[in-house]
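**Student:** Quick one: structure below, then a few questions.
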Amino acid sequence: MKINEILESVKSGKISTKDAKKLLTLYSIEEVENFAKIDINRSKRRGVPEVIFAETKELDDIKKIVKKTLEKTNSVPVSRIKKEITKNYFYLSKIKGPSKTGKNSSTICFLKNQLNSKEELWNFDCRYI
Numbered sequence: 016m017k018i019n020e021i022l023e024s025v026k027s028g029k030i031s032t033k034d035a036k037k038l039l040t041l042y043s044i045e046e047v048e049n050f051a052k053i054d055i056n057r058s059k060r061r062g063v064p065e066v067i068f069a070e071t072k073e074l075d076d077i078k079k080i081v082k083k084t085l086e087k088t089n090s091v092p093v094s095r096i097k098k099e100i101t102k103n104y105f106y107l108s109k110i111k112g113p114s115k116t117g118k119n120s121s122t123i124c125f126l127k128n129q130l131n132s133k134e135e136l137w138n139f140d141c142r143y144i
């Protein structure tokens with residue numbers, strides 16, 4: 016269903032606003048080369064952004080996902096990055112934000128715009144890192 020059709024269906028009472036909201040969420044899904052689907056507007060709907068689960072992904076795939084996500088958002092949290100990959104995140108380091116390192120993996124928030132202070136972090140989706 017196209018966006019105009021969804022809106023007209025709500026207007027005419029054919030579907031509820033709740034059903035329309037579900038249908039409209041499909042328009043915020045971005046596909047990355049047939050190996051990942053990212054919910055770009057998740058933070059607007061849920062208050063928490065899409066988190067990229069990196070444990071099973073290769074560095075090149077993580078790069079592609081981060082790049083695609085940052086085209087549409089200001090930040091992207093990437094969790095459970097394998098230690099060997101964090102050592103090789105040279106490409107991503109230009110856009111790296113706050114991070115936490117665990118025993119076997121790390122979580123990094125990549126930002127489109129560099130933060131000037133810790134206070135600015137609270138304006139971004141990755142504030143929970």
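Under my numbering, think of the first position of the sequence shown as 16, with each following residue one higher.
Glycine included, each C-beta is placed from N, C-alpha and C at the ideal position.
All of these numbers come straight from a predicted model, not from anything done at the bench.
1) Using a Cβ-Cβ cutoff of less than 6 Å, which residues in the same chain neighbour I53 once the five nearest sequence positions on both sides are dropped?
2) Where DSSP assigns a beta bridge to D34, which residues make up the other side?
3) I'd like the list of long-range same chain contacts for A51, defined as Cβ closer than 6 Å, with 5 residues on each side in sequence excluded.
4) Under a Cβ-count criterion, where at least 16 other Cβ atoms within 10 Å of its own Cβ denotes burial, should F125 be classed as buried or exposed?
5) Going by DSSP, what residues sit across from A51 in a beta bridge?
**Tutor:** Let's see:
1) Only residues of its own chain outside the window of five on either side were considered, and among them E45, E65 and T84 have a CB closer than 6 Å to the CB of I53, listed in chain order.
2) As computed with DSSP, D34 is found in no beta bridge at all.
3) Hits under 6 Å: I80.
4) When all chains shown are included, F125 counts as buried.
5) A51 pairs with V47.
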